[in-house]
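Input: a single structure, listed below in structure tokens.
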Amino acid sequence: MTKRLYYDRPELLEFDSVVASAGTAEGSRPAVILRETAFYPTSGGQVHDTGWLTLGGHDGDDARLRVTEVADADDGRIVHYLEAPSKLPLAGAAVHGSIDRERRHDHMQQHTGQHVLSAAFIELYQMPTVSFHMGEDYCSIDLATPSVSLEQIAGAEKRANQIVFENRPVRIRYVSRADAERFGLRKLPPAERDELRLVEVADFDVSACGGTHVSSSGQIGSIVLRKSERVRQGTRVEFVCGGRAVRMARRDYSALSEAAALFSSQLWDVPDQIRKNVEESKLVRKQKEDALDQLAELMALDALRDLPVTNGRKIVMRTFSDRDIGFAKLFAQKVTRAGTPAIALVASSVDPPGLVFAQTSSQTSSQNLAQGSGGTPGSMADMGALLKQVLSSVGGRGGGSRDFAQGGVPAGSNINVEQLLQQAAGTIVA
Ligand SMILES: [Zn+2]
């Protein structure tokens, strides 16, 4: 088993040791095992350290090995994975270990903050923590509760920061499992070891933990809770401590002040400004829809006005080069609902180009015919079939019913949609 120096000296970031073995692990990853190490392996929610191993008696680049990941092996040894070195050290070689200071310090802040926060949720709301996750940007705990209110989020945050401000000592001690049960632990680990390592935030929390922690609660800096969400095992609460809290606050502030500048408003007025803008754009969208509807109607009436009735219906052909397929569809609907039985063969050449074939519904036109508009119901065509026929010649896709069909031609195919309309009109007239 590797001796874990961080158990008793979590502040130790430089240490000397001896290589126990070196080789490749997990396929081809170069790795080193030391007799003792201060490097923390990923476990208990805390992420591994990174750093350097410097070989004694070597010079130059060969002497420095980059530790990129640290993991627990099943047999109690700690594996240091290395960025591919030119040569692996031999067993018995002396090494000096250096842990990346900022990263470890950040982990200690987050991890200790988690102990305090979990204890605050228990103390105030009897909500036990079932898991802890440390991510790149933020950390989270999962609470065994179906929901956490905004008041509870604010309450736990306030209480946790009180403990931070009181700068209580954080102590480590070892006890037997039997003694631990008498301590009133927040959570007892599964029974695998007889001796337990306890982390105690003075007069506030005691829990069994193998991680690295700061030595007084003030070093956590601050604890800021962020969003909470429902997860399978309860409710997940995101939080950031210390340096991360400052970075997050800086980032939030930058985003918010950029938004405020866009609105020429104060930071706290941004939500109101956004609400106002959303309402305005809804209104503008509605006005635009109404205007397009009226325009399509007028254009349809104009197109129908001087058109002769052939075989009991008018045939309107139109290609739009400046309006999309949505407008083409609207125009076709207006043409077919204007009162005279009509067929609309409409296209838009705006990307993506498309076709709409529509006719006054068979039912409506039969009624009109009965009222003496002329022609016979048989004079109408099947729009779906017609569209398929026209599109199949150019590899387009589309379809629809007897009275309405819509389709598109392959994007960027240079197909002249106007020619397709003429082809369709020719089929109908023939
Ligand atoms: Zn811990």
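Sequence positions in the sequence shown follow the working numbering and run 7 to 436.
All C-beta atoms in this analysis are idealised placements derived from N, C-alpha and C, irrespective of residue type, glycine included.
Every value quoted in this text rests on a predicted model; they were computed, and no experiment measured them.
Between the C-alpha atoms of Val-415 and Ser-354 there is a straight-line separation of about 11 Å.
The set of residues with CB atoms less than 6 Å from any heavy atom of ligand 1 reads, in chain order, His-117, His-121, Val-205, Cys-215, Gly-217 and His-219.
In this structure, DSSP gives Met-386 a state outside helix and strand, which the three-state scheme calls coil. At a cut-off of 4 residues, the continuous stretches assigned as alpha helix (DSSP H) that sit fully inside the segment 157-189 are 183-189.
For His-139, no alpha helix (DSSP H) segment is defined; the enclosing uninterrupted segment is the beta strand (DSSP E) at 135-140. Contact annotation, Val-73 with Ile-84: C-beta distance approximately 11 Å; criterion of less than 8 Å not satisfied.
One Cα belongs to Leu-11, the other to Ala-31, and the distance between them is close to 23 Å.
In the three-state DSSP reduction, Tyr-144 falls in the coil class, being neither helix nor strand. In this structure the segment 22-30 lies against the segment 92-108, because at least three pairs of beta carbons, one per stretch, are closer than 8 Å. In this structure Val-396 is buried. Its beta-carbon is surrounded by 16 or more other beta-carbon atoms within 10 angstroms. Within the segment 269-355, the complete beta strand (DSSP E) segments of 3 residues or longer fall at 320-326 and 348-354, listed in chain order. In this chain, Thr-218 is not harboured by any alpha helix (DSSP H), its DSSP state being neither H nor E. When secondary structure is reduced to three states using DSSP, Leu-96 falls in the coil class, being assigned neither helix nor strand. Annotated as distal: Thr-135 and Thr-241, with beta-carbon spacing of 8 Å or more. Secondary structure at Phe-245: strand, using DSSP grouped into helix, strand and coil.
For Phe-363, the enclosing beta strand (DSSP E) begins and ends at 360-365.
In the pairwise beta carbon analysis, the segment 113-131 is classified as touching the segment 45-56: at least three pairs are separated by under 8 Å. Secondary structure note for Gln-412: its beta strand (DSSP E) is the uninterrupted segment 410-414.
Between the alpha carbons of Gln-158 and Gln-225 lies a gap of roughly 24 Å. In the three-state reduction of the DSSP assignment, Glu-424 falls in the helix class.
Rounded to the nearest whole angstrom, the CA to CA distance from Glu-295 to Lys-340 is 14 Å. DSSP places His-111 in the uninterrupted alpha helix (DSSP H) bounded by 107-131.
Look at Leu-262 here: in three-state DSSP terms it is helix.
The Cβ atoms of Phe-326 and Ala-334 sit closer than 8 Å to each other.
Per DSSP, reduced to three states, the secondary structure at Tyr-87 is strand.
DSSP places Pro-36 inside the beta strand (DSSP E), whose first and last residues are 35-40. The beta-carbon distance between Ser-221 and Ala-251, rounded to whole angstroms, is 19 Å. This is too long to meet the 8 Å contact definition. The closest CA to that of Val-205, considering only Leu-304, Glu-129, Tyr-13 and Gln-425, is found on Tyr-13. For Val-207, the pairing in a beta bridge is given by DSSP as Val-176 and Asp-211. Per the DSSP secondary-structure output, Gln-52 pairs in a beta bridge with Ser-49.
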